[in-house]
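Below: one structure, written as structure tokens.
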Amino acid sequence: MTETASLFDTGGYNYDDVEPLPISDDQSDGLCQILYDDEYRQVMGIARALFKNQEVSDRALHATAETIELVPAFYTMWNYRFQIVKQLFGTDEAKLNAELDWLDEFTLNNPKNYQIWSYRQALLGIHPNPGFLRELPILQSMIDDDTKNYHVWSYRRWCVNFFQGFEHELPFASALISRDVYNNSAWCHRMFVLKSQFKSRPPADLITTELHYTKAKIELAPQNISSWNYLRGLYSEYLENTFDPEIIAFARSFVADVFELPQTPPQILSSYALEMLAYIYSQDLETFAKARCAYKALANTYDPIRKNFWDFKIRSLKA
Amino acid sequence: MALADIDAKRFPVQKHQKYFERHLLILPSKYQDNEPNKLAIVAYSLIGLNILGIDTSKKYQNSKAWLLKHQQCARYDGFSIAGFIPSISIHIEENPSFSLMSTLFGLWCIICLEEDGLDSYHEELDVAGICRFVSKCQSENGSFVSSFDTLASGRILASSIDPTDLRYAYAAVTILYLMGCRNTQDFGRYISVEKLMVFINAQACGSGFGQYGEPHAGLTSCALSILDMLGDQWSTLPSPFFERTIDWLLHRQVSSQGSMTLMTNSNECYDIDDHGGFQGRENKFADTCYCFWCLNSLNILQKRIETKFDRGDILSEYLLEKTQSKLLGGFAKNNENDPDLYHSCLGLAALALNSGEFDGTVFLPKRLSRRIRMEAEVGT
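First to last, the sequence lines map onto chains A and L.
With the UniProt record's numbering, the residue at position 132 of the first sequence is 132, and numbering never jumps.
With the UniProt record's numbering, the residue at position 45 of the second sequence is 45, and numbering never jumps.
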């Protein structure tokens, strides 16, 4: 390469012998033609030339980084990078850690990129001594930035399974719930932890603790679908779906005197409490009347947008 | 009401048309990081135009040859596979970057340029090669990668770094569907339906589908569309699961009525103006694209039990009044952002689903999908 006004950051490597592979411009009748700038042309020219020759070297690794930063969705370059890392670094722990450092930095700048998390999983898969602790700072930072980021939560759960590291997870979820009681991912994380950590069922005292915890959070924000879902999940997964009088009384404390059929619908604190009661009452023929009352109240007053569905539930009671 | 019958003041078709057409012209360099998604840009634009009732097969007919250049073949160990590469400009002949996603987007583009027959289908597409490509993307656990490892010369190895969520499984099954597969026996010639169903089952949450037990409307739409295309695998999941999933999906429609207003000051992701729109997960803002994913999922399930629960009317109201850009054309993600191509296409698709003009499972206007669906098996 003889150009002096290079827009390609060589990172100190020598690419003089690389004949750039120009990007093709001949696209008659092409749709959606993108006008590339000079930097793009140069970076693509060099990186693709190296890729074409299947070069495995430090400078090729550097060229993939330059390309990926410019075009984060270029999955072929990500894959080429991984092949270089595998062949060049083998099981060298320090070098693989350096690759993770590079990825951390890239992740912070490209939080929505589609490749980062699966690339990271592949790296940990070839790492001789991977550790959950190494992953925690980037996970924390990404969650702090976007507390409901689905990919980040999924990656955390992958780590939990991969490292079989459960001890920090319920406190982690609690911290996010303290910050925002409506964080559905954090509530789902609790159930994920219970299910993954305990192959059959969690110890009874843990279930009791979880019930107390959830009820306290419901008291704090009664109209919260996430906490009610979790409460119902605890019953269906671990308590044989049997709702004792205490939990029924708890739910009824949020629905005023709806079941006494007052003249005008009362102000209630939670339609989700009413939904749970409707469900419980629909499980037993003897309480069908109460179930019907609850579904009617949902359909007509407390959740009218789903009236068609609540009416269907009433019809199902007769069946 | 058909989209064509909506008052022009509420739904300025010509502005939407211009919005999509602009994306098919020359794009400034700020789009260059989208090079690997180019076929997605073309597909969303062409599908958007077709939803608006514009026949793209005439106007863009000359570009068909260019599109077909994206279809490439490769030989490995004595057999060949075919697929679409994301871009000719960055193509490297020795190492084609086929991907399932490029292939699906490429096929959608070709279908939008087909005149009445399906000529290219029969003459220009390497149907058998494409099916073999899909076949090679399935992993041992039933899921799919989108591409191959790059330096494994002479051998095909599924990519070691691809994500394997339900999106690629949806792409794989849709490609095979577009290639003519109609039931487990057809699909089974290329992929293991049994393993695919094990994978899908593992993604089933208490209700809906998602990763690690957290249901997600987009992934739910992928899973239900797959079940719809396979046609004969519904019983692999218990029927109460599907009723719970309908329940879950209906709850994704944001409401400004009844008890919901209790969240007004406490839930930072609750906006009373989102009324009628759908969210992707619990306690999130409504979003144009989730209107499509939820409604498509509901359509698939409601069709099976021949009942309609959803309030499509207020959904359309939300899209037309809150996320549509009446000034520029296109749709935004929500009531605050600027329009973008993806949400424009998905917003229109949701409206057209509502009016019965869109086939959500294969993501094409019915006018186009009808031809595909009527085709007997093409190819081998």
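No residue lacks a Cβ here, since even glycine has one placed at the ideal position from N, Cα and C.
Sorted by chain position, which residues of the same chain lie with C-beta nearer than 7 Å to Ser355 of chain L's C-beta, five sequence neighbours on each side aside? Locating residue 355 of chain L in the second sequence gives position 355, counting from the first residue. The beta carbon of Ser355 of chain L sits closer than 7 Å to the beta carbons of Met1, Ala2, Leu3 from its chain, once the five residues preceding and following it are set aside; these are given in chain order.
Name the DSSP beta bridge partners of Ser80 of chain L, please? Looking up residue 80 of chain L in the second sequence gives position 80. L:Arg75.
At what residue ranges does the segment 26-100 of chain L contain a whole run of the alpha helix (DSSP H), taking only runs of 4 or more? 38-51, 56-59, 64-68
Report yes or no: is there a C-beta of chain A within less than 8 Å of the C-beta of Leu319 of chain L? Mapped onto the second sequence, residue 319 of chain L falls at position 319. False, the Cβ-Cβ gap to chain A never drops below 8 Å.
Determine whether the Cβ of Thr307 of chain L lies closer than 8 Å to any Cβ atom of chain A. For this step, residue 307 of chain L is matched to residue 307 along the second sequence. It does; some Cβ of chain A falls within 8 Å.
Specify, as a first and last residue, the run of the alpha helix (DSSP H) that Thr288 of chain L falls within. Translated into the one-based positions of the second sequence, residue 288 of chain L becomes position 288. Looking at the DSSP string, the run of the alpha helix (DSSP H) that includes Thr288 of chain L is 288-305.
When burial is assigned at 16 or more other CB atoms within 10 Å of the CB, is Ser80 of chain L buried or exposed? Residue numbering aside, residue 80 of chain L sits at position 80 when the second sequence is read from its first letter. Exposed, by the Cβ-count rule.
Rounded to a whole number of angstroms, what is the C-alpha to C-alpha distance between Asp126 of chain L and Thr242 of chain A? Position 126 of the second sequence, counted from the first residue, corresponds to residue 126 of chain L. Position 242 of the first sequence, counted from the first residue, corresponds to residue 242 of chain A. One C-alpha to the other measures close to 57 Å.
Along the chain, where does the alpha helix (DSSP H) containing Cys269 of chain L start, and where does it finish? Locating residue 269 of chain L in the second sequence gives position 269, counting from the first residue. Counting along the chain, Cys269 of chain L falls outside any alpha helix (DSSP H), and DSSP gives it neither H nor E.
Can you name the residues of chain L whose CB is closer than 7 Å to the CB of Ala221 of chain A? Here residue 221 of chain A is taken as the residue at index 221 of the first sequence, counted from 1. Simply Ser266.
Beta-carbon within less than 7 Å of Ile6 of chain L's beta-carbon, same chain only, minus the 5 sequence neighbours each way: which residues are those? Here residue 6 of chain L refers to the residue found at position 6 when the second sequence is read from its first residue. Sequence-distant Cβ neighbours of Ile6 of chain L in its own chain, meaning closer than 7 Å and more than five residues away, do not exist here.
If we call anything under 8 Å between Cβ atoms a contact, is Tyr19 of chain L one with Ser344 of chain L? Here the question's residue 19 of chain L lines up with position 19 in the second sequence. Here the question's residue 344 of chain L lines up with position 344 in the second sequence. Yes, Cβ-Cβ distance for Tyr19 of chain L and Ser344 of chain L is below 8 Å.
Could you compute how far the alpha carbon of Cys289 of chain L sits from the alpha carbon of Leu353 of chain L? Position 289 of the second sequence holds residue 289 of chain L. Position 353 of the second sequence holds residue 353 of chain L. Distance between the alpha carbons of Cys289 of chain L and Leu353 of chain L is about 13 Å.
Whether Ala158 of chain L touches Val173 of chain L by CB criterion (8 Å): Here residue 158 of chain L corresponds to residue number 158 of the second sequence, with the count starting at 1. Here residue 173 of chain L corresponds to residue number 173 of the second sequence, with the count starting at 1. No, these two residues do not count as a Cβ contact at 8 Å.
Alpha carbons only, please: which of L:Asn335, L:Phe331, L:Arg373 is nearest the one belonging to Cys48 of chain L? Along the second sequence, read from residue 1 onward, the residue named residue 48 of chain L stands at position 48. The sequence given here places Gly at residue 48 of chain L; Cys does not occur at that position. Out of L:Asn335, L:Phe331, L:Arg373, L:Phe331 has the C-alpha closest to the C-alpha of Gly48 of chain L.
Quick check: the Cα distance between Asn183 of chain A and Gln140 of chain A, rounded to an integer number of angstroms? Along the first sequence, one-based indexing puts residue 183 of chain A at 183. Along the first sequence, one-based indexing puts residue 140 of chain A at 140. Distance between the alpha carbons of Asn183 of chain A and Gln140 of chain A: 15 Å.
Between which residues of its own chain and Tyr51 of chain A is the CB-CB distance below 7 Å, once the five residues before and five after are set aside? Here residue 51 of chain A is taken as the residue at index 51 of the first sequence, counted from 1. The displayed chain sequence assigns Phe, not Tyr, to residue 51 of chain A. For Phe51 of chain A, where only same-chain residues beyond five positions count, the Cβ hits under 7 Å are Tyr80.
Can you find a C-beta in chain L that's less than 8 Å from the C-beta of residue 344 of chain A? Missing from the structure shown is residue 344 of chain A; chain A here goes from 1 to 319 and no further.
Whole-angstrom distance between Tyr150 of chain A and Ser185 of chain A, CA atom to CA atom: Here the question's residue 185 of chain A lines up with position 185 in the first sequence. Here the question's residue 150 of chain A lines up with position 150 in the first sequence. Rounded to whole angstroms, Ser185 of chain A to Tyr150 of chain A spans 8 Å at the Cα level.
Report yes or no: do three or more beta-carbon pairs, one from the segment 117-126 of chain A and one from the segment 89-103 of chain A, lie closer than 8 Å? These segments touch.
Under a three-way DSSP split, which group does Pro128 of chain A fall into? Numbered from its first residue, the first sequence carries residue 128 of chain A at position 128. In the structure shown, Pro128 of chain A sits in coil (DSSP, three-state: anything other than H, G, I, E or B).
Tell me, please, whether the CB atom of Asn79 of chain A is closer than 8 Å to any CB atom in chain L? Working through the first sequence from its first residue, we reach residue 79 of chain A at position 79. Yes - at least one Cβ of chain L is within 8 Å of the one on Asn79 of chain A.
Quick one: what's got a C-beta closer than 6 Å to Ile116 of chain A's C-beta in the same chain, skipping five residues either side? To locate residue 116 of chain A, count along the first sequence from 1; it is residue 116. These residues qualify, in order along the chain: Thr107.
Using only the heavy atoms of the ligand GTP, determine whether one of them is closer than 7 Å to the beta carbon of Glu93 of chain A. In the structure on display, the ligand GTP does not appear, and there are no ligands present to speak of.
Count the C-beta pairs between the segment 163-182 of chain A and the segment 239-249 of chain L that are closer than 8 Å, then say yes if the count reaches three, no if not. At 8 Å Cβ cutoff, the stretches do not touch.
Residues bridged to Asp340 of chain L (per DSSP): As a position in the second sequence, residue 340 of chain L is number 340, starting the count at 1. BP columns for Asp340 of chain L point to L:Phe331.
Listed by chain order, chain A residues near Thr150 of chain L by CB distance under 7 Å: Indexing the second sequence from 1 puts residue 150 of chain L at position 150. The contacting residues are Thr76, Asn79, Tyr80, Gln83.
Does Trp102 of chain A come within less than 8 Å of chain L when only Cβ atoms are used? Taking the first residue of the first sequence as 1, we reach residue 102 of chain A at position 102. No, no contact with chain L.
Neighbourhood of Ser139 of chain L by C-beta, 8 Å cutoff - its chain only, sequence neighbours within 5 removed: Start at 1 with the first residue of the second sequence, and residue 139 of chain L comes out as number 139. Correct list, in chain order: Val145, Ala158, Thr164.
Using a Cβ-Cβ cut-off of less than 7 Å, list which residues of the segment 269-299 of chain L approach chain A; keep chain order. Cβ contacts with chain A come from Cys269, Arg281, Glu282, Asn283, Lys284.
Identify which residue in L:Cys205, L:Ala74, L:His91 has its Cα closest to the Cα of Gly154 of chain L. Taking the second sequence and counting its residues from 1, one reaches residue 154 of chain L at position 154. The residue with the shortest Cα to Cα distance from Gly154 of chain L is L:Ala74.
As a quick exercise: from A:Met191, A:Gly131, A:Ala65, pick the residue whose alpha carbon is nearest that of Glu214 of chain L. On the second sequence, position 214 is the one that residue 214 of chain L refers to. Among A:Met191, A:Gly131, A:Ala65, the Cα nearest to that of Glu214 of chain L is on A:Met191.
Spatial neighbours of Arg182 of chain L within its chain, please: CB distance less than 6 Å, with the 5 preceding and 5 following residues excluded, ordered by chain position. What you label residue 182 of chain L is simply residue 182 of the second sequence in a count that begins at 1. There are no such residues.
Using a Cβ-Cβ cutoff of 8 Å, what residues of the segment 52-83 of chain L are near chain A? List them in chain order. Residues Tyr60, Asn62, Ser63, Ala65, Trp66, Leu67.
Any chance you could list the alpha helix (DSSP H) runs of at least 4 consecutive residues sitting entirely within the segment 96-127 of chain A, in chain order? The segment 96-127 of chain A contains these whole alpha helix (DSSP H) runs: 116-126.
Starting from the C-beta of Ala63 of chain A, find all residues in its chain whose C-beta is less than 6 Å away, skip the five residues before and the five after it, and write them out in chain order. Numbered from 1 along the first sequence, position 63 holds the residue referred to as residue 63 of chain A. If we look at Ala63 of chain A and ignore the five residues flanking it on each side, its Cβ neighbours are Ile46, Ala47, Leu50.
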